[in-house]
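Quick note, the sequence shown lines up with residues 614 to 873 if you use our numbering.
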Amino acid sequence: MMQTVLFHQTIFGPIHSRRLGTSLGVNLSPNDGKICSFDCLYCEAGLNAQGPGKTGFPSREEVKAQLEEKLVTMLKNGERLDVITFSGNGEPTMHPAFAEIINDTVALRDKYFPDVKISVLSNATRLTDKNVCEALKKVDNNILKLDSAITPTMRTIDRPNSRDFTAENLIEQLKEFGDKCIIQTMLLRGTFDGKIIDNTTPEEIDALIEAYRHIGPAQVMLYSIDRKTPVETLRKIEKDELQQIADKMKSCGIPVASFS
614 MMQTVLFHQT IFGPIHSRRL GTSLGVNLSP NDGKICSFDC LYCEAGLNAQ
664 GPGKTGFPSR EEVKAQLEEK LVTMLKNGER LDVITFSGNG EPTMHPAFAE
714 IINDTVALRD KYFPDVKISV LSNATRLTDK NVCEALKKVD NNILKLDSAI
764 TPTMRTIDRP NSRDFTAENL IEQLKEFGDK CIIQTMLLRG TFDGKIIDNT
814 TPEEIDALIE AYRHIGPAQV MLYSIDRKTP VETLRKIEKD ELQQIADKMK
864 SCGIPVASFS
């Protein structure tokens, strides 16, 4: 059976994030399907083949109303909250009102939980859109994906919809954010369609280090598979090895944290 979407609500949680703490999730994708510009082999929400569903994107008004309702309830109950995180069943920046929703979220955060951070987990495919870029600059944790600095490897793991999407172009776009972004990189091994997948080789790690240096992010988040993946031939990089890779990057001056 194909693994399908995990989030059937627009506002979900709060849940504990190994990277961000107590996180209230915002899913800007349909509640019954997946819309993404990548089709990552490791995506916990499943592959794009499951389809976009029938509900469509939630409206800006729906997102604002549901988020405010949840924040009011949490405040009334004295619940802890560290971060509001945009993730869910696809790429959040594909929502046609993404920039406006970010503005609404900043206003609601300031009103109810002024100390809480706003995070966006993005695959960085929409950085050619000026409105998306401006919106990402308004959030506290602008977390952008770079799974490989080598295009064939990136295309094998992330499977972008666009044939023109390359690691080289992406790295230049990420450089425009500099220390206004956090880079997230999933390290893994395995096979798919008869191809060996491994973005932990010396060549891959050296290319990532060079890319990180060029970009100059506030932080690099290295992480490994933590949940079931739709492609079952992928393998988790264990904690000790992940830490060794992180230590090598640190020795090269990269501000990196690892999450296994």
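By construction, the Cβ of each residue, glycine as well, lies at the ideal position given by its N, Cα and C atoms.
Spatial neighbours of residue 848 within its chain, please: CB distance less than 6 Å, with the 5 preceding and 5 following residues excluded, ordered by chain position.
Here the set comprises 802 and 803.
With residue 859 and residue 835 assumed to form a contact (beta carbons below 8 Å), what rounded beta-carbon distance in angstroms separates them?
Going by Cβ atoms, the distance from residue 859 to residue 835 rounds to 5 Å, so yes, they are a contact pair.
Which two residues bound the contiguous beta strand (DSSP E) that contains residue 722?
Per DSSP, residue 722 belongs to no beta strand (DSSP E); it is in the alpha helix (DSSP H), 711-725.
Rounded to whole angstroms, what is the Cα-Cα separation between residue 783 and residue 738?
Going by the C-alpha atoms only, they are around 8 Å apart.
Can you grab the Cα-Cα spacing for the pair residue 704 / residue 690, in whole Å?
Whole-angstrom Cα-Cα distance: 31 Å.
In whole angstroms, give me the CA-to-CA distance for residue 843 and residue 633.
Cα to Cα, residue 843 sits roughly 24 Å from residue 633.
Would you say residue 715 and residue 748 are within 7 Å of each other, going by their C-beta atoms?
In this structure, residue 748 lies closer than 7 Å to residue 715 by Cβ.
Leaving out the 5 sequence neighbours to the left and right, which residues in its chain are closer than 6 Å to residue 713 when beta-carbon positions are compared?
Within the same chain, residue 713 has close Cβ partners 673.
Could you pull the DSSP bridge partners for residue 825 from this structure?
None; residue 825 has no bridge partner.
Ignore the nearest five residues each way along the sequence and tell me which others in residue 668's own chain have a CB closer than 6 Å to its CB.
The answer, listed in chain order, is 643, 644 and 645.
Can you look up residue 782 in the DSSP assignment and give me helix, strand or coil?
Here residue 782 sits in helix by DSSP.
Taking 8 Å as the threshold, find out whether the region 718-729 comes into contact with the region 646-654 through three or more Cβ pairs.
In short, these stretches do not touch, since the Cβ pair count stays below three.
How is the beta strand (DSSP E) around residue 628 delimited, first residue to last?
Note, residue 628: beta strand (DSSP E), 624-630.
Under the three-state reduction of DSSP, which class applies to residue 614: helix, strand or coil?
Its pLDDT being 44, under 50, residue 614 is placed unreliably in this model, and the coordinates cannot settle the point.
So, under 8 Å CB-CB, residue 640 and residue 702 are touching, yes? Tell me the CB distance rounded to an integer number of Å.
Rounded, the Cβ-Cβ distance is 6 Å, consistent with contact.
Report all residues from its chain with a CB closer than 6 Å to the CB of residue 736; omit the five preceding and five following residues, and keep chain order.
Taken in chain order, the residues that qualify are 651, 704 and 758.
If I'm right that residue 760 touches residue 731 with Cβ under 8 Å, what's the distance once you round it to whole angstroms?
About 24 Å separates the two Cβ atoms, so there is no contact after all.
Are the region 792-800 and the region 775-782 touching by the rule of at least three beta carbon pairs closer than 8 Å?
No, because fewer than three Cβ pairs between the region 792-800 and the region 775-782 fall closer than 8 Å, the two stretches do not touch.
How should residue 683 be labelled, buried or exposed, when 16 other C-beta atoms within 10 angstroms of its C-beta is the threshold for buried?
Looking at its Cβ environment, which holds 16 or more other Cβ atoms inside 10 Å, residue 683 is buried.
What three-state label does DSSP hand residue 729 in the structure shown?
Correct three-state label for residue 729: coil.
Which of the three DSSP states is assigned to residue 811 in this structure?
Residue state, collapsed to three classes: strand.
Measuring CA to CA, which of 817, 869 and 840 is closest to residue 832?
Residue 832 has its Cα closest to that of 869, out of 817, 869 and 840.
Could you check how far apart the C-beta atoms of residue 763 and residue 791 are, in whole angstroms? I think they sit under 8 Å.
About 22 Å; that fails the 8 Å criterion.
Do residue 671 and residue 623 have their C-beta atoms within less than 7 Å of each other?
Contact: yes.
Quick one: measure Cβ to Cβ for residue 837 and residue 850, integer angstroms, because I've assumed they're closer than 8 Å.
Contact holds; Cβ gap of about 4 Å.
With a floor of 3 residues, list each beta strand (DSSP E) that falls wholly inside the region 642-714, ordered by position along the chain.
Within the region 642-714, the complete beta strand (DSSP E) runs of at least 3 residues are 696-700.
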